[in-house]
Amino acid sequence: MDRNFDGIADRFRQQIYGTLKGQLRLEILQEDLITHIPTLLNCDRKLTILDAGGGIGQYSAMLAAQGHRIILCDISADMLALAREEYARIAPDADIRFIHCPIQSLQEHLEEPVDLVLLHAVLEWLKDPREVLNSLPTLTRPGGWLSILFYNKNALVWRHLMNRNFKLAYHDNFENRKNPLTPAWPLDPADVHEWLNILGLSINAWSGIRAIHDHMPKPVRDMTPAEDMLQVEKHFGRKPPYRDLARYVHMLCQKPE
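Here the numbering used here is used: position 250 in the sequence shown is 259, and no number is missing along the way.
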């Protein structure tokens, strides 16, 4: 069954977004997107952006504050309640539509294709991520964009190896983990890259997030200034082999005209 965050939504917000980890994610996502879609920042043309499985909508609220139209869907009513709070704080005058539904039902709620789909930290919570990924191009206009962020299976396996959890490292099944904030279905970037190619999408940006941060000994990490960490992540996290062990991977794709 796909993961629903009802009951732990506030814990998710505090542990994921209220930290340097969240700051690194937002900064690298922002740089990838603005580099290739500059109208996101200087709103020459109002874009329609779908935040699919948008959670609390922290990043899409920033885009709404720039004047773009946002459609945010989530299967969790608790997450949507937090998203409304986030939008009231960041973009109180936003052109925003909240939809309480699973991603698989989105087609029923959209009147026309959108300019940009955000699918951030969603695929790893889905039993069949490829099914959802295959549906996204139909939601996007020709020449439109898809921003795909997912939890990297390689990083999880490496973490188990470094902690001498060899049995866990050998297994492909991570569903029975006790930590509810650790995804059950992390993805191999090579698989996602292949799926996107089969869909005929061009991959214009490929970045690792927390490629350095998560592998640094905690005492060293704690004494590293946030700005230094951000710069080293941007420099090395976009290069193989470092990005291949990043905790998250971001791929920004464009649909053909």
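Note that beta-carbon positions come from the ideal geometry of N, C-alpha and C, so glycine has one too.
Comparing alpha-carbon positions, which option in Tyr160, Ser114, Met171 and Asn143 lies nearest histidine 129? In the sequence shown, the residue the question calls residue 129 occupies position 120. Answer by Cα proximity: Tyr160.
Residue environment, aspartate 200, which counts as buried when at least 16 other CB atoms sit within 10 Å: If you number the sequence shown from 1, residue 200 lands on position 191. Counting Cβ neighbours within 10 Å, aspartate 200 comes out exposed, since fewer than 16 surround it.
Local Cβ density within 10 Å of glutamine 67, reported as buried at 16 or more and exposed below that: For this step, residue 67 is matched to residue 58 along the sequence shown. When all chains shown are included, glutamine 67 counts as buried.
Would you say the region 139 to 158 touches the region 88 to 102, given that touching needs at least three Cβ pairs under 8 Å? no
Mind checking whether leucine 50 and leucine 158 have CB atoms under 9 Å apart? By 1-based counting over the sequence shown, the position of residue 50 is 41. By 1-based counting over the sequence shown, the position of residue 158 is 149. Result no, Cβ atoms of leucine 50 and leucine 158 do not sit closer than 9 Å.
When burial is assigned at 16 or more other CB atoms within 10 Å of the CB, is valine 166 buried or exposed? Against the sequence shown, residue 166 aligns to sequence position 157. Classification of valine 166: buried, given that the 10 Å Cβ count is 16 or more.
Where arginine 12 falls: helix, strand or coil (DSSP): Here the question's residue 12 lines up with position 3 in the sequence shown. With a pLDDT of 49 at arginine 12, under the threshold of 50, the modelled position of that residue is not reliable, and the figure given next carries that caveat. Correct three-state label for arginine 12: coil.
Under a three-way DSSP split, which group does leucine 72 fall into? Within the sequence shown, residue 72 is the residue found at index 63, counting from 1. Reduced to three states, the DSSP call for leucine 72 is helix.
If you compare alpha carbons, which of Leu29, Leu42 and Val131 is closest to alanine 214? The residue given as residue 214 occupies position 205 in the sequence shown. Among Leu29, Leu42 and Val131, the Cα nearest to that of alanine 214 belongs to Leu42.
Any idea if cysteine 262 is buried or exposed, counting beta-carbon neighbours within 10 angstroms, 16 or more meaning buried? Along the sequence shown, read from residue 1 onward, the residue named residue 262 stands at position 253. Answer is buried; the Cβ neighbour count reaches 16.
Take proline 138 and list the residues in its own chain whose beta-carbon comes closer than 6 Å to its own, dropping the five residues that flank it on each side. The residue you call residue 138 lines up with position 129 of the sequence shown. For proline 138, where only same-chain residues beyond five positions count, the Cβ hits under 6 Å are Leu132.
How close, in whole Å, do the beta carbons of arginine 183 and proline 198 come, if the pair is a contact with beta carbons under 8 Å? By one-based count along the sequence shown, residue 183 stands at place 174. By one-based count along the sequence shown, residue 198 stands at place 189. First, the residue type needs correcting, since residue 183 is phenylalanine and not arginine in the sequence shown. Between proline 198 and phenylalanine 183 the Cβ distance is about 16 Å, and since that is not below 8 Å, they are no contact.
DSSP bridge partner residues for leucine 81 (one or two, in chain order): Within the sequence shown, numbered from 1, the residue matching residue 81 stands at position 72. Answer is Asp60 and Phe107, bridged to leucine 81.
Mapping DSSP to helix, strand and coil, what is phenylalanine 159? As a first step, residue 159 is located in the sequence shown; it is residue number 150 there, counting from the start. In the structure shown, phenylalanine 159 sits in a strand (DSSP, three-state: E or B).
Local conformation of leucine 196 per DSSP, three classes: The residue given as residue 196 occupies position 187 in the sequence shown. Strand.
Cα-Cα, which of Glu117, Met232, Pro226 and Ala97 is closest to threonine 147? As a position in the sequence shown, residue 147 is number 138, starting the count at 1. Comparing Cα positions, the closest option is Glu117.
With 16 other CB atoms within 10 Å as the buried threshold, where does valine 297 fall? The structure shown does not extend to residue 297, since the chain spans only 10 to 266, so no value can be given for it.
Would you mind sorting glycine 209 into buried or exposed? The rule is 16 or more other CB atoms within 10 Å of its CB. On the sequence shown, position 200 is the one that residue 209 refers to. Classification for glycine 209: exposed.
Could you name the residues that DSSP lists as bridge partners for tryptophan 154? For the purposes of this step, residue 154 is identified with residue 145 of the sequence shown, where counting begins at 1. Answer by DSSP bridge pairing, in chain order: Leu125 and Gln263.
Under the three-state DSSP convention, the category phenylalanine 245 falls into: Taking the first residue of the sequence shown as position 1, residue 245 is located at position 236. Helix, per DSSP.
Would you mind sorting tyrosine 179 into buried or exposed? The rule is 16 or more other CB atoms within 10 Å of its CB. As a first step, residue 179 must be located in the sequence shown, where it is residue number 170. Per the 10 Å Cβ criterion, exposed.
So, do the region 242 to 254 and the region 79 to 88 have three or more beta carbon pairs nearer to each other than 8 Å? no
Start and end of the beta strand (DSSP E) containing isoleucine 218? By one-based count along the sequence shown, residue 218 stands at place 209. Here the beta strand (DSSP E) through isoleucine 218 covers 211 to 218.
Distance between beta carbons of arginine 34 and lysine 55, contact taken as under 8 Å: Taking the first residue of the sequence shown as position 1, residue 55 is located at position 46. Taking the first residue of the sequence shown as position 1, residue 34 is located at position 25. Wrong, their Cβ atoms sit about 25 Å apart, outside the cutoff.
Of all the options Gly64, Asn143 and Arg98, which has the alpha carbon lying nearest to the alpha carbon of cysteine 110? What you label residue 110 is simply residue 101 of the sequence shown in a count that begins at 1. Taking only the C-alpha atoms, the option nearest cysteine 110 is Gly64.
Under 8 Å from any heavy atom of the ligand MN, does the C-beta of lysine 227 make it? Among the components modelled here there is no ligand, and therefore nothing to report on the ligand MN.
Environment of phenylalanine 235 [buried if 16+ CB atoms lie within 10 Å]: Stepping through the sequence shown from its first residue, residue 235 is reached at position 226. A small fix is needed here, since residue 235 is alanine in this sequence, not phenylalanine. So alanine 235 counts as exposed.
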